[in-house]
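Number of protein chains: 2
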Amino acid sequence: MRPPPLTPSEASRPAEAFPAHTPAAAQIFTIVLSHGPLTRAEIARRAALSPAAVTKAVRPLIELGYLLEDADDEHRRALGRPANLVRVDGGRALFLGVKVTGDEIIAVLADLCCRIRVARRVPLGDRRAEGVLATLSGLVLELLAEAEELGAPVKGVGIAVSGDVDRAEGLVRYSPFLEWRDVPLANLAAMTVGLPVTVDNDVRALTVAEQWFGAGVGLADFALVTVGAGIGCGLVVGGRVVSGAHGVAGEIGHLSFDPAGPRCHCGNRGCVEAVASESAIVRDVRAETGIDVADAAQALELAHRGDPGARAVYARAGAVIGRAIGAVVNLLGPERVIISGEGLAAYDLFAAEIKGAFAASAFGAAARCDVTTCPLPFEEWARGAAATAIQSFIRADSRDGRG
Amino acid sequence: MRPPPLTPSEASRPAEAFPAHTPAAAQIFTIVLSHGPLTRAEIARRAALSPAAVTKAVRPLIELGYLLEDADDEHRRALGRPANLVRVDGGRALFLGVKVTGDEIIAVLADLCCRIRVARRVPLGDRRAEGVLATLSGLVLELLAEAEELGAPVKGVGIAVSGDVDRAEGLVRYSPFLEWRDVPLANLAAMTVGLPVTVDNDVRALTVAEQWFGAGVGLADFALVTVGAGIGCGLVVGGRVVSGAHGVAGEIGHLSFDPAGPRCHCGNRGCVEAVASESAIVRDVRAETGIDVADAAQALELAHRGDPGARAVYARAGAVIGRAIGAVVNLLGPERVIISGEGLAAYDLFAAEIKGAFAASAFGAAARCDVTTCPLPFEEWARGAAATAIQSFIRADSRDGRG
DNA sequence: CGCATTCTTTTCTGTTGTCAATAAAAGAAG
DNA sequence: CTTCTTTTATTGACAACAGAAAAGAATGCG
Chain A
89 MRPPPLTPSE ASRPAEAFPA HTPAAAQIFT IVLSHGPLTR AEIARRAALS PAAVTKAVRP
149 LIELGYLLED ADDEHRRALG RPANLVRVDG GRALFLGVKV TGDEIIAVLA DLCCRIRVAR
209 RVPLGDRRAE GVLATLSGLV LELLAEAEEL GAPVKGVGIA VSGDVDRAEG LVRYSPFLEW
269 RDVPLANLAA MTVGLPVTVD NDVRALTVAE QWFGAGVGLA DFALVTVGAG IGCGLVVGGR
329 VVSGAHGVAG EIGHLSFDPA GPRCHCGNRG CVEAVASESA IVRDVRAETG IDVADAAQAL
389 ELAHRGDPGA RAVYARAGAV IGRAIGAVVN LLGPERVIIS GEGLAAYDLF AAEIKGAFAA
449 SAFGAAARCD VTTCPLPFEE WARGAAATAI QSFIRADSRD GRG
Chain B
89 MRPPPLTPSE ASRPAEAFPA HTPAAAQIFT IVLSHGPLTR AEIARRAALS PAAVTKAVRP
149 LIELGYLLED ADDEHRRALG RPANLVRVDG GRALFLGVKV TGDEIIAVLA DLCCRIRVAR
209 RVPLGDRRAE GVLATLSGLV LELLAEAEEL GAPVKGVGIA VSGDVDRAEG LVRYSPFLEW
269 RDVPLANLAA MTVGLPVTVD NDVRALTVAE QWFGAGVGLA DFALVTVGAG IGCGLVVGGR
329 VVSGAHGVAG EIGHLSFDPA GPRCHCGNRG CVEAVASESA IVRDVRAETG IDVADAAQAL
389 ELAHRGDPGA RAVYARAGAV IGRAIGAVVN LLGPERVIIS GEGLAAYDLF AAEIKGAFAA
449 SAFGAAARCD VTTCPLPFEE WARGAAATAI QSFIRADSRD GRG
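Quick mapping for you: the protein sequence lines, in order, are chains A and B.
Under the numbering used here, think of the first position of the first sequence as 89, with each following residue one higher.
Under the numbering used here, think of the first position of the second sequence as 89, with each following residue one higher.
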């Protein structure tokens, strides 16, 4: 249950273990990580532990430099001993996050607080595992060199891949975009980069990032909906990211609300992806306006210029997304839904329809759910991967799971 | 964290505490409860504990009679010391389960293994809280008298109510059928019956019963779909029953897959309940056949006699239910979906359509989900309530939560 | 300057669960 | 019939974790 004590040689190695011996220590660190600087007393309250336990857990973390302490000058209460704030030293450790898509690899170097320090993207010629692995290794080495200059050790690598991914096994079971089946990516990558590697589904990785560092902080139940080339959804229920019994969950893109809708590549009609994905929107804008827009950007521009046909296409997409969110909310009753993704560029065209369709389909108390958006710069997917690496680092041996 | 030690007077009271001091003990008891007789070695494996810990946790439970031990004559392995099986003594304690509907109260007396010993139902004239409480108390007293004869102490009462129920607070926030708002039912009932009372949503209660004693045993992710007067859904994700941030979850009945479908009382069109609930089916059978069937039973009989119009109505209902199950499966990727409810009487009319629509809408690996049915005698809802009472009894003070 | 107040640390103690050794209960082998 | 092997169960020593209580620290207030 508990990791064996470190031998001297292990302890002096650069890749020393994270000193969160006990689940309580990992929980405390996670709380400080997500909820910014806190006093020990506040940590004790949030973790439902005694102040003594917090002091004891915090000490080794401070000694090894993962936590920093300073006086709380801001909100000094009138009375009593002034509190000391405890916060995470982001610069203490670095992590690599890598997002692999069908045609490029995006990698970021993030610190322990998951702030991006360096970002890189590289096009991908060969989709076969060996080729991808070679490109990936090159990119990782490049970022490791950058990390060298920042003077902090890189403690882990996270890789995000779309499709059916088994994080525990580090296995990509099936990835349609890459045309991979049963690729033991974590082991392969760990071999070539010499660091612990965490592999997870891309949407789940993004969800972890939101849960620990984003709009999902402190929420036990929320959903993250990504709109872009595909429509995805990450779910957090009871503080845990949902993976499903077979490794697949949050497949919001193939919900269908209209049996007469356009045909989807999955074989059904009216799927959310068949209406609201980038390719579907481009297709529909062409059909509706007769203008041969080349890609999503052009379609978007056309709609922004006020073309009624194009606007109607976006409105339809928004309505379908809103209904899909309504379905998620009715089923799971989350506290918040975060909409994100490249498709958010068109949010002004969507927004009213999304909110309208959501409000109409949410039932009862579920409608109290807060629907927000969160911009998604291109490195965000890779940052999600870094978040999974941080997660793995913190609880290298202690399973916990609350956000 | 731990309950205070019992004073002598408390210890000698009939309602002595359950001796599951530690979370591990509660976990062990739960494992034995759901997974039938087990050897200590097997319990240790399942609970990820050392055999020593199991021995220590089991002893007081045997001493107080909650567990029984006997030799394992069945599957004697060739070699080694013969194992002793540990099992729960169902007769050691009794629980009351009560289901309150708009027009009747159903109550059962169940043992610790959640086997029903006695069942009663009483019509309900007055839906106001005081009237219901009076009828409920009468029924409870009646069953307590029966319990007297069985010679085992009644340790708790569970009450299941449809609508928005806060189990932790014992509060019925809103129940449309009863027209209740913010009724502190647990406290009120505890006052009149003098026993610990657990109040929960009816579908969640049924889900707990399936998770601990039914088709959901051992599954970390499953869904229970009830078909009847309404269409409901209980969800278990990561071993925990989903309640949603606002107390509402599993609202499958108001998913809509057809914007042109019949209008639903919630204001939308094409909701599952507007197509597949008993009242919708009766309405549609009348419209389709021109025969003025009085209720669901007559509609069912008509369909069973082969009337094509009636059969078409059931087929439509089945298709919608199948799509709803598909949505649940795509979102959560459960291992199994259990279909139950009074409407199951028509399952032969539904089945093909449900399976077809489910198979068509399930995406990728999610389709590996197993779809089963589970008959639902009328007392089953009340049994679910009893299961929640058992659950509360076992972890009176230790929070755990895995099934 | 003492006092109240709040945050933090220390010391002590009890609980819990693991470890390793041992006992128990068989069949198998000689 | 004895001894060995194999598996299950128990025991007692031990380590570690977290809580309680009390003391310590750092401030404002009268």
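Heads up, the beta-carbon is just placed ideally off N, CA and C, and yes, glycines get one too.
Note that the structure is a prediction, hence the values are computed from the model and not measured.
Proximal chain A residues relative to residue i, where beta-carbon distance stays under 8 Å
{"i": "residue 304(B)", "result": "Neighbours of residue 304(B) on chain A: none; closest Cβ ~12 Å, over 8 Å."}
Proximal residues of chain A, C-beta to C-beta of residue i below 9 Å
{"i": "residue 252(B)", "result": "452 and 453"}
Own chain, CB closer than 8 Å to residue i, minus 5 neighbours either side, in chain order
{"i": "residue 480(A)", "result": "244, 246, 284 and 286"}
{"i": "residue 176(A)", "result": "117, 120, 121, 154, 155, 156, 200 and 201"}
{"i": "residue 259(B)", "result": "253, 270, 271, 272, 273, 274 and 287"}
{"i": "residue 435(A)", "result": "427 and 461"}
{"i": "residue 112(A)", "result": "135, 137, 141 and 145"}
{"i": "residue 174(A)", "result": "120, 125, 126, 127, 128, 131, 146, 150, 155, 156 and 157"}
{"i": "residue 304(B)", "result": "295, 298, 310, 312, 324, 424, 426 and 491"}
{"i": "residue 291(A)", "result": "250, 312, 314, 320, 321, 322 and 338"}
{"i": "residue 219(A)", "result": "212 and 213"}
Span of the beta strand (DSSP E) around residue i
{"i": "residue 322(B)", "result": "319–325"}
{"i": "residue 211(A)", "result": "204–211"}
{"i": "residue 244(B)", "result": "242–249"}
{"i": "residue 195(B)", "result": "192–199"}
{"i": "residue 311(B)", "result": "310–315"}
{"i": "residue 183(A)", "result": "182–188"}
{"i": "residue 389(B)", "result": "First-last for residue 389(B): 384–392, but that is the alpha helix (DSSP H), not the beta strand (DSSP E)."}
Cβ shell of residue i (< 6 Å), same chain only, five flanking positions each side left out
{"i": "residue 207(B)", "result": "196 and 467"}
{"i": "residue 262(A)", "result": "251, 252 and 269"}
{"i": "residue 356(A)", "result": "344"}
{"i": "residue 255(B)", "result": "288"}
{"i": "residue 449(B)", "result": "411 and 414"}
{"i": "residue 89(B)", "result": "For residue 89(B), the pLDDT reaches just 36, beneath the cut-off of 50, and the residue's location in the model is therefore unreliable, although a value from the coordinates is still provided. Counting only Cβ-Cβ distances below 6 Å, and skipping sequence neighbours, we find nothing."}
{"i": "residue 476(A)", "result": "246, 286, 288, 293 and 296"}
First and last residue of the uninterrupted alpha helix (DSSP H) at residue i
{"i": "residue 218(B)", "result": "217–238"}
{"i": "residue 172(B)", "result": "From DSSP, residue 172(B) is part of no alpha helix (DSSP H) but of the beta strand (DSSP E) over 172–176."}
{"i": "residue 143(A)", "result": "139–151"}
{"i": "residue 294(A)", "result": "290–301"}
{"i": "residue 449(A)", "result": "435–449"}
{"i": "residue 371(B)", "result": "366–377"}
{"i": "residue 406(B)", "result": "396–420"}
{"i": "residue 130(A)", "result": "128–135"}
{"i": "residue 471(B)", "result": "468–482"}
Contacts that residue i makes with chain A (C-beta to C-beta distance below 7 Å)
{"i": "residue 309(B)", "result": "332 and 333"}
Chain-ordered neighbours of residue i on chain B, where CB pairs are closer than 7 Å
{"i": "residue 337(A)", "result": "419, 420 and 421"}
Other residues of its chain near residue i: CB distance less than 7 Å, five sequence neighbours each side excluded
{"i": "residue 474(A)", "result": "183, 184, 185, 196, 198, 202 and 246"}
{"i": "residue 478(A)", "result": "183, 200 and 202"}
{"i": "residue 78(A)", "result": "Residue numbering for chain A in the displayed model covers 89 to 491; residue 78(A) lies beyond these limits and cannot be assessed."}
{"i": "residue 381(A)", "result": "370, 373, 374, 387 and 390"}
{"i": "residue 180(B)", "result": "153, 154, 200 and 240"}
{"i": "residue 92(B)", "result": "Reliability of the predicted coordinates at residue 92(B) is poor, the pLDDT of 39 falling under 50, and the value obtained from them is presented with this limitation in mind. Contacts found: none."}
{"i": "residue 441(A)", "result": "403, 406, 407 and 410"}
{"i": "residue 242(A)", "result": "182, 183, 184, 232, 235 and 283"}
Contact list for the segment 445–459 of chain A against chain B, Cβ threshold 8 Å: 448, 449, 451, 452, 453, 454, 456 and 457
The segment 403–419 of chain B: positions lying closer than 7 Å to chain A by Cβ: 415, 416, 418 and 419
Anything in the segment 340–370 of chain A with a Cβ closer than 7 Å to a Cβ of chain B? List those residues in chain order, please. 340, 342, 343, 344, 345, 346, 347, 354 and 356
In chain order, what residues of the segment 316–330 of chain A put their CB closer than 8 Å to some CB of chain B? 321, 323, 325, 326, 328 and 330
Cβ contact (3+ pairs, closer than 8 Å) linking the segment 399–409 of chain B and the segment 439–449 of chain B: yes
Do the segment 294–306 of chain B and the segment 378–390 of chain A meet, that is, are 3 or more Cβ pairs less than 8 Å apart? no
When you compare the segment 449–456 of chain A with the segment 370–381 of chain B, are there three or more beta-carbon pairs, one atom per stretch, that lie closer than 8 Å? no
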